[in-house]
Structures are given as C-alpha cells and as structure tokens.
Amino acid sequence: MGSITRSFANNIGSSGILSASAVTNATVEDVTAFGTAPSPATLVLISTQTASSSANISFTTGLDSTYDEYIFKFINIHPATDSAHFEFNMSTDGGSNYNVTKTTTSFYAYHNESDTDTAVAYTAAQDLAQSTAFQRLIPDAGNDNDQANSGTLTIFNPSSTTYVKHFIANSNSAHQDNYSINWFIAGYGNTTSAVNAIQFKFSSGNIDDGIIKMYGVKKS
Amino acid sequence: MGAIARSAANLVTTSGVWLKGGVNNASMDNISAFPSGISGDGITLISSQTASSSASISFTSGITSTYKAYKFVFINMHPATNNAEFTFNMSTDSGSNYNVTKTTTAIDTSHSESDVSSDLSYDTGEDLAQSTGFQTIAKNISNDNDGSFSGTLQLFNPSSTTYVKHFISNTNKMETSVTANYLVAGYGNTTSAVNAVRFQMSSGNIDDGKIYMYGIK
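Those sequence lines, one after another, are chains B and S. Quick note, the first sequence lines up with residues 281 to 500 if you use the working numbering. Quick note, the second sequence lines up with residues 104 to 320 if you use the working numbering.
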C-alpha cells in the first residue's frame with residue numbers, strides 16, 4: 281500500500297465514514313447553497329430595490345404575517361429634483377392604491393454647514409392628521425452630486441386585522457440649503473385592514489439613485 | 104489502476120486528505136437545519152412572551168454576558184385600563200426585586216387626529232432622578248379595540264459589573280384619537296449586573312400584546 285493510500289485509509293473510520301480531518305474544507309467555504317435549512321439570520325433580508333431614475337419604489341410582496349417587525353433601510357437616496365420630499369405610503373390592496381389614513385408626528389434637529397443655525401423643533405408642516413396623503417420622511421432633499429439621504433423606517437405588525445399600524449422612522453438628510461437634518465417621524469396607519477404593500481417616492485421628480493432594503497425580524 | 108480510481112487518487116494529498124475539488128458540496132442540499140445558537144447576523148431571538156390579561160411580563164432568564172446589547176420589541180401592547188402607562192424596571196437579583204435606581208430623560212411628541220393640537224416637549228412628569236420606581240416608556244395608551252403601542256427598548260451591557268446600565272426606548276402609541284412618539288433614555292445607576300427585566304401597566308393588566316427579547320452580539 282502506498283503512503284498516500286495508507287494516509288487516506290487512516291482518515292476512514294471502521295464504518296467507512298471519512299473523518300472531519302479528511303476534508304480540507306471544514307469551513308465549507310465553497311458551499312453556495314443549502315437544502316431546506318432556514319436562514320440562521322434573525323434579521324432576514326427580504327428584498328432590495330435599487331433606484332435608477334425611478335418614479336417610485338414599491339414593495340408589493342413579502343409584507344405579510346411572517347414577521348411582526350419590518351425594517352426598511354433607505355441608503356443614499358438622491359432626488360432628481362432639488363428640494364423634493366422623500367415620502368411613503370401604505371396599501372391594503374396589494375399596491376393597487378397607496379392611501380392609508382394616517383395620523384403622525386414630526387420633529388427634527390438641524391445644523392447648517394456654516395455653523396450659524398441650530399434647533400430642535402416640532403414641524404407641523406410635515407405631520408398628518410387623518411390624511412391619506414404620502415407621509416414625508418425627508419423633506420427638501422438636496423440634489424447636489426454629493427447630497428443624499430439615509431435612514432430607517434420600522435413598521436410593526438402590518439398584517440394585524442385588530443390594531444392600527446404603528447411606524448417609527450429616523451433619518452438624516454442633506455438639505456437643499458446645506459443643512460444636516462435629523463428627522464424623527466412616527467405615527468400610525470389608522471386602519472384595521474392588513475397592510476400588504478408600501479411605496480416610496482419623491483413628491484416631485486424621480487428617485488435618481490439609491491437603495492431600499494426590506495428586512496423582516498424573525499419571531500420564532 | 105482504473106480511470107476512476109486514478110482520478111480519485113489525484114484528489115488526495117500526500118497526507119491522505121481530500122482536496123476541496125474532491126467533494127461535491129457546492130450545494131449541501133441535505134442540510135435541513137442549523138445547530139441552535141448559530142446566527143447569521145449577530146442577532147438572536149432569545150425568547151418571546153404574549154400577554155393575555157397579564158399583570159406583568161418578566162424576563163428572568165437569558166439576560167447574561169452572552170450579549171453586549173439586548174433589544175426588546177413591543178408589538179401592539181394593549182392595556183385593560185384606558186390611558187394606562189406601560190412601564191419597566193430592572194432587577195439585579197434575578198427578579199426577586201425590580202428596583203434599580205435610575206436617572207432618565209423623556210421626550211414626548213404628539214399630534215391629534217383632529218389636527219387641533221401638536222406638541223414636542225420634555226416630559227418632566229415621566230423622567231426619573233435617582234428613583235427606583237418603574238420607568239414609563241409609553242403613556243396614556245388607549246384601550247379602544249384598535250388602540251395599542253409598539254416600539255423598542257435597547258439595554259446595553261446589562262451584565263457589566265463596572266458601568267451603569269444604559270437604555271434607550273422609542274415607542275409610538277395611540278391615545279384616543281392622538282398619536283404620540285415617546286423617546287425615553289437613561290441609565291440604571293448600578294454596577295451590579297442586571298439579570299432580569301419586568302414590564303407592567305401603571306394600572307390594570309396588559310390585556311394583549313407580545314414582547315420579543317433579542318440578543319445582539
């Protein structure tokens with residue numbers, strides 16, 4: 281028996297099974313897919329959409345009772361039109377209509393680049409009272425080449441048919457007048473119908489660039 | 104030596120170890136489950152509890168040094184008593200007593216459905232200054248059939264025996280015809296390890312709702 285054959289034989293158990301040390305890929309670095317095993321992640325990426333001169337971005341699948349908490353992360357959202365408002369709405373009919381009635385709050389903290397203006401304040405111009413309009417998440421976004429806006433929107437239990445639909449958003453914007461603005465938007469969709477689709481868009485013009493990711497947080 | 108045996112021999116090193124190319128594992132299609140404790144993103148669901156006319160909900164296990172941060176997620180917490188406040192406290196003796204001394208801040212922003220009132224203010228009525236009382240993290244919650252609050256509470260490094268225990272909460276609630284975003288933060292002013300957390304209404308039971316506890320590595 282040659283030495284290689286003998287070494288190999290030493291890596292085989294009495295029942296004929298290869299020992300772990302007989303395989304060089306203990307880190308399974310070449311594995312590209314598993315069978316039916318569910319993702320070990322708790323924060324599950326459901327889908328990603330990339331804007332490219334897009335009129336809107338809609339998530340019409342994946343928003344259901346699988347998760348009780350959905351997190352949208354919007355990354356470097358860049359408007360085609362200067363001073364447009366980045367906004368969202370919900371749908372209870374799979375995306376045919378985005379018109380859920382909402383009551384919301386809005387406050388912000390801001391600071392300009394020239395260091396002459398700072399404040400924290402409630403912004404009545406950005407809240408909604410029993411309105412079906414789109415809710416602004418980032419008002420007056422700048423569209424300089426390096427200006428963009430990022431943040432998160434969390435929606436709780438959208439599939440409930442008992443309770444209103446609470447949401448909380450926090451984002452930071454590059455304002456058209458060269459301010460950094462931290463936005464705090466929250467409220468509820470005042471409906472007991474299940475929310476099953478969400479749309480993001482600018483109040484004017486396209487979403488020139490940016491990525492929106494939708495995550496579900498595992499509940500079991 | 105046959106062709107197959109020769110091919111196989113070429114996939115074995117001198118020490119008798121199969122090369123990566125010798126195993127067809129590009130798709131491990133027989134794997135149906137991962138071992139417990141395996142997390143793909145550093146976040147692990149530790150436990151969840153569902154309220155059903157519950158006087159309180161306590162997490163007395165799972166808060167250890169395993170994770171540096173813990174996140175509690177509240178889903179549609181519904182009080183039995185109208186306008187009750189949802190509160191929490193921490194324990195350093197595994198739940199025998201919930202009385203950690205706390206100093207906290209509270210910001211309240213609200214807006215009525217009728218659009219006649221809106222507000223952003225510091226809430227001196229709900230902050231604590233070296234108090235062992237329960238901390239409110241959602242107040243005046245409607246017990247209308249569709250009323251509730253949802254949100255999160257993050258607790259950082261509760262097992263530390265060196266530092267105070269920071270926490271940050273962000274919730275949204277429905278009061279009768281009013282929405283309110285409530286931001287509470289502070290620290291448990293103790294260097295003892297916090298190992299249990301309790302949630303309860305200021306008055307009456309937690310009629311309905313679910314609380315998830317996640318660990319973040």
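Glycine is no exception: its CB is placed at the ideal position from the N, C-alpha and C atoms.
- A distance below 6 Å between beta-carbons, with the five flanking residues on each side excluded, links Ala-409/B to the following residues of its chain, in chain order: Thr-383.
- Per the C-alpha coordinates, the member of Met-494/B, Gly-467/B, Lys-445/B and Asp-489/B positioned closest to Thr-385/B is Gly-467/B.
- Put simply, the region 157 to 173 of chain S does not touch the region 274 to 285 of chain S. Fewer than three CB pairs are less than 8 Å apart.
- Cβ contact annotation for Ala-364/B (same chain, cutoff 7 Å, sequence separation greater than five): Ala-421, Phe-482, Ser-483, Ser-484 and Gly-485, in chain order.
- Of the candidates Ile-244/S, Gly-198/S and Thr-195/S, the residue whose Cα lies closest to the Cα of Ala-183/S is Ile-244/S.
- Per the C-alpha coordinates, the member of Ser-234/S, Lys-242/S, Ile-319/S and Ser-217/S positioned closest to Ala-187/S is Lys-242/S.
- Within the same chain, Cβ atoms closer than 7 Å to the Cβ of Lys-174/S are found at Thr-255, Gln-257, Tyr-317 and Ile-319, the five residues on either side in sequence being excluded.
- Leu-417/B and Leu-433/B have their alpha carbons spaced roughly 9 Å apart.
- Residue Asp-362/B holds the alpha-carbon nearest to the alpha-carbon of Gln-456/B among Asn-290/B, Asp-362/B and Thr-341/B.
- Val-300/S is outside the set of residues whose beta carbon lies under 8 Å from a beta carbon in chain B.
- Residue contact check for Thr-117/S against chain B: a CB pair falls below 8 Å.
- A Cβ of chain B is located within less than 8 Å of the beta carbon of Asp-218/S.
- Annotation: Cβ neighbours of Lys-313/S in chain B (cutoff 9 Å, chain order): Asp-348, Asn-437 and Lys-499.
- Taking a 10 Å sphere around the C-beta of Ala-209/S, we find 16 or more other C-beta atoms and assign the residue as buried.
- Around Thr-384/B, the beta-carbon contacts reaching into chain S at under 7 Å are His-214 and Thr-282.
- Among the CB atoms of chain S, one or more fall inside 8 Å of the CB of Gly-467/B.
- Nearest CB-CB separation between Tyr-443/B and chain S: below the 8 Å threshold.
- For Ile-292/B, there is no enclosing beta strand (DSSP E), as DSSP gives it neither H nor E.
- Contact between Ala-296/S and Ser-194/S is ruled out by a C-beta separation of about 10 Å, above the 8 Å threshold.
- Looking at the DSSP output, Gln-479/B bridges to Ser-338/B and Asn-369/B.
- In this structure, DSSP gives Ser-301/B a helical state, which the three-state scheme calls helix.
- DSSP, read as helix, strand or coil, puts Ala-360/B in coil.
- Contacts with chain S at 8 Å (Cβ-Cβ) do not include His-365/B.
- At a cut-off of 8 Å, the C-beta of Tyr-402/B has a neighbouring C-beta in chain S.
- In the three-state reduction of the DSSP assignment, Ala-449/B falls in the strand class.
- Approximately 11 Å separates the beta-carbon atoms of Asn-429/B and Phe-480/B; this is outside 8 Å, ruling out the contact.
- Annotation for Tyr-495/B: the continuous beta strand (DSSP E) segment containing it runs 487 to 497.
- Taking a contact as a CB-CB distance under 8 Å, the pair Ser-460/B and Asn-470/B does not count as one, their CB atoms being some 32 Å apart.
- Residues of the region 223 to 243 of chain S with a C-beta less than 9 Å from any C-beta of chain B: Leu-223 and Ser-224, listed in chain order.
- As a beta-bridge residue in DSSP terms, Phe-191/S pairs with Gln-238/S and Phe-302/S.
- Ala-389/B carries a strand assignment under DSSP once its states are collapsed to helix, strand and coil.
- The C-beta of Tyr-317/S comes closer than 8 Å to at least one C-beta of chain B.
- Collapsing the DSSP output to three states places Gln-233/S in coil.
- If you ignore the 5 residues before and after Thr-398/B, its C-beta comes within less than 7 Å of the C-beta of Tyr-390 and His-391, all in its own chain and listed in chain order.
- Counting other Cβ atoms within 10 Å of its Cβ, Tyr-225/S stays below 16 and is therefore classed as exposed.
- Each residue's CA atom was taken as its position, placing Tyr-290/S and Asp-230/S some 11 Å apart.
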